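Working notes, beginning with the structure itself.
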Amino acid sequence: MYDDKNQSLFTRRSIVLGTIGVGLLGVVVSRLSYLQLLKKGYYALLSDDNRISLRFVPPKRGKIKDRWGSVLAYDIKSFRAVVNLEILELNKIPLRPYLEKLASLLNLTEQDIKNILKEKKRSLKFIPLLLKDNISWADVAKIELSLLDMPGVLIEEGTRRFYPFKEVFSHIIGYVGIPSENELKNNEGGLNGNLKTGKSGLEKIFDVSLRGEPGVRKVEVNARGRPIRDLSQEKPKEGQDFISTFDLDLQQRLMEELREHPSATGVLLDIRTGDILALASQPSFDSNLFSENISQENWQALQKDPFTPLINKAVGGLYAPGSTFKMCVALAALEKGVIDEHTSSYCRGHMMLGNHKFHCWKKESHGRVALREAFQRSCDIYFWEIGKRAGIEEIARMANRLGLGSLPFLGLNGEKRGVIPNKEWKLGRFNEPWYMGDTFNASIGQGYVLSTPLELAVMTARLASGGKSVIPRLSLNEPFSPFESLGIQERHINLILEGMNRACNEPGGTAYAHRIQELDFLMGGKTGTSQVKRISLSERARGVRKTHELEWKLRNHSFFVGYAPIHAPRYAMSVLIEHGGDGLNSVPIVQRLLLAAQKRDFA
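In this note's numbering, the protein residues as written are 20 to 622.
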């Protein structure tokens, strides 16, 4: 009886619950039908948003080549870790704790994490955010296995910049890196945070054409951000190759020569076109350190190196040119008409100006010298005399015309212009009048006069060209325009060149010991000693008589400028050895490079 009653009650409840269930099911089915039929477009779009990811496809950066086609910089295969921000958002995962969890796996420092968080603020969420670049193939498998429980992280194939000649071209080619906030703000050429940009050198100057244009892949991904299939792809556009003016062989030769000294620099030009064939600064650095994300340790070592490897001394070093400036002084006096080729002066080894005695470098005296002999022997007395006649204003104007303190910048990092002083300059700088002693100092390239090694190479090229306005250039991608005349009388320039010829090729010439002896390849040139410090009375008391007996950083700089061949000038060069002593010490480098350049077949 009891069982029959309970069974009856259960049956009635089942009927009621079943009726309610059918009703609820009907509501659900009706709702689903409504969603499918009436809001089909909306939810289809929402579904796409959840499963479609746009992947940045970096373009292949253009190669940088020397004038003969040797490749100096190119892209190689690399791997990088990125995170899909949409997947993190979908899974409600905050970024900072997520990055901290990844830190040990990807070797992320606290600064790396800060940079990533900063980059996120300026990135579009549908473009994966770069976490780590330049991951080695050996680490890829290890990272992939560890990322199985990290939704949104992917290892992508990419590229990194490779510089096969390491430090040989670093000051010229430069390097690439992640764009700064200012670079992104300027956004020249479609730059974004995932795209490497040129940071210095040719990589920076010609960045837009080298960079190319990125592509985009539309990828279907699962809820963890793992790709399922490609939906579409817009291919990247490769960057343009850049053909530089440089000659790999001559650049390597120059760098080998400079490595013999703690700190030195040199520039070799083609006089006809202004092409820079070689430009090096010692010590240098390996550009690959930067393309591989330079460590803090390596960065600090470069910054603290007392020989300043990060400075391109050829364009950013300012030095008193010493006797290499004497060409400007003589040409100024000739053009002003206050001297001619026969004007002479008697050198007694010193010259009085008021109560002050100015000593010629040769205290035993040169005797009587005229213009050509004055260049041959580099007599200071002669140039003080003609500098006084020409006056500082005329000297400064001529120096500017020859390229000192007036060249347009090439765009290389740290470029400076020389200082060519005159009365107005000194008054503005020191609020002091110009004295005759200042003119004496300037007349031998000392005092306030400063120049870069590139400027001195250009000065030499302008003289050797017969007075053309030679402008240095870096690119063969651009057409060459013939140089205009500087308007200097040819006979006056020829007198200067004769003096430079005698300095190298006549006995008693300051560069005669290291002359080129092959008659078809003779060079002309001028030595220069840039004084760093006078020997003090206390140092003399300790027995110091010569500047090479001082500690290295107090010794004189050694300069030499030269051109070749003398019968039909084609190449001009300057070399500076920091604290290298007498100007004669720079001559062998120029001699060997000018000889090598002449023996190459330039088209």
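Where a beta carbon is used, it is the ideal one built from N, C-alpha and C, also for glycine. Bear in mind that the values here come from a model prediction, so they are computed numbers and not experimental data.
Assigned exposure category for residue i - 16 Cβ within 10 Å defines buried
i, result
"Ala157", "exposed"
"His375", "exposed"
"Thr38", "Note that Thr38 has pLDDT 45, beneath the 50 cutoff, so the model's placement of it is unreliable and no number is given."
"Phe326", "exposed"
"Asn604", "buried"
"Glu404", "buried"
"Phe499", "exposed"
"Met371", "exposed"
"Ser155", "exposed"
"Glu392", "buried"
"Trp453", "buried"
"Arg420", "buried"
"Ala122", "exposed"
"Tyr182", "buried"
"Gly217", "buried"
"Leu136", "exposed"
"Glu222", "buried"
"Ile608", "buried"
"Gln315", "exposed"
Secondary structure of residue i, DSSP reduced to three states
i, result
"Gln259", "coil"
"Glu623", "This structure does not reach residue 623, given that the chain is present from 20 up to 622, and the question cannot be answered."
"Glu176", "strand"
"Lys137", "helix"
"Pro116", "helix"
"Phe188", "coil"
"Pro491", "coil"
"Asp94", "strand"
"Pro340", "coil"
"Cys523", "helix"
"Asp305", "coil"
"Val606", "helix"
"Met370", "strand"
"Val477", "helix"
"Phe225", "coil"
"Phe540", "helix"
"Thr458", "helix"
"Ser123", "helix"
"Pro246", "strand"
"Met592", "strand"
"Leu353", "helix"
"Ser551", "According to the sequence displayed, residue 551 carries Val and not Ser. Coil, per DSSP."
"Ile83", "strand"
"Gly430", "coil"
"Val438", "strand"
Chain-order list of residues whose beta-carbon lies under 8 Å from that of residue i (same chain, five-residue window excluded)
i, result
"Ile330", "Ser300, Gly336, Gly433"
"Glu119", "Ile132"
"Pro584", "Asp539, Phe540, Leu541, Met542, Gln617"
"Glu503", "Lys487, Ser488"
"Arg611", "Arg272, Glu276"
"Lys79", "Asp94, Thr178, Gly231, Pro255, Glu257, Gly258"
Bridge-paired residues (DSSP) for residue i
i, result
"Arg624", "Look at the range of the chain in this structure, 20 to 622, and you will see that residue 624 is not part of it."
"Thr546", "Phe579"
"Arg236", "Arg74, Gln252"
"Ala299", "Gly285"
"Gly386", "Cys366"
"Phe377", "Met370"
"Leu269", "Beta-bridge pairing links Leu269 to no other residue."
"Ala100", "Lys151, Ile174"
Any non-hydrogen atom of the ligand ZN closer than 7 Å to residue i Cβ
i, result
"Thr216", "Ligands displayed in this structure: none; no statement on the ligand ZN is therefore possible."
Neighbourhood of residue i by C-beta distance below 6 Å, restricted to the same chain and skipping five residues each side
i, result
"Ser462", "Val348, Phe402, Trp403, Gly406"
"His369", "Lys376, His378"
"Pro472", "Thr284, Val286, Ala333, Ser593, Leu595"
"Glu517", "Arg391"
"Tyr365", "Arg387"
"Val606", "Ala530, His533, Phe579"
Close Cβ partners of residue i (< 7 Å) along its chain, the five nearest in sequence each way excluded
i, result
"Glu176", "Lys96, Phe98"
"Val449", "Checking the sequence, you will find Phe at residue 449 rather than Val. Once the five neighbours on either side are set aside, Phe449 has no close Cβ partner at all."
"Gly422", "Glu474, Val477, Met478, Arg481"
Test: residue i CB closer than 8 Å to a CB of chain B
i, result
"Leu353", "In the structure shown, chain B does not exist; there is a single protein chain."
Report yes or no: do three or more beta-carbon pairs, one from the stretch 407 to 426 and one from the stretch 476 to 492, lie closer than 8 Å? The stretch 407 to 426 and the stretch 476 to 492 touch, with no fewer than 3 CB-CB distances between them shorter than 8 Å.
At least 3 beta-carbon pairs within less than 8 Å: the stretch 505 to 514 vs the stretch 345 to 358: With a cut-off of 8 Å, the stretch 345 to 358 and the stretch 505 to 514 count as touching, because enough Cβ pairs lie within range.
Measuring CB atoms only, is the stretch 272 to 290 touching the stretch 149 to 166, in the sense that at least three cross pairs come out at less than 8 Å? Contact between the stretch 272 to 290 and the stretch 149 to 166 is absent, because fewer than three Cβ pairs lie under 8 Å.
Touch check for the stretch 526 to 536 and the stretch 490 to 507: three-plus C-beta pairs under 8 Å? Under the 8 Å Cβ criterion, the stretch 526 to 536 does not count as touching the stretch 490 to 507, having fewer than three qualifying pairs.
Just checking, does the stretch 180 to 196 make contact with the stretch 123 to 131 on the three C-beta pairs under 8 Å criterion? Verdict: no, contact absent.
Count Cβ pairs between the stretch 82 to 92 and the stretch 250 to 264 that sit closer than 8 Å; are there 3 or more? Inter-segment contact for the stretch 82 to 92 and the stretch 250 to 264 is present: three or more beta-carbon pairs are separated by less than 8 Å.
Inter-stretch contact (C-beta, 8 Å, three-pair minimum) for the stretch 263 to 283 and the stretch 587 to 598: Verdict: yes, contact present.
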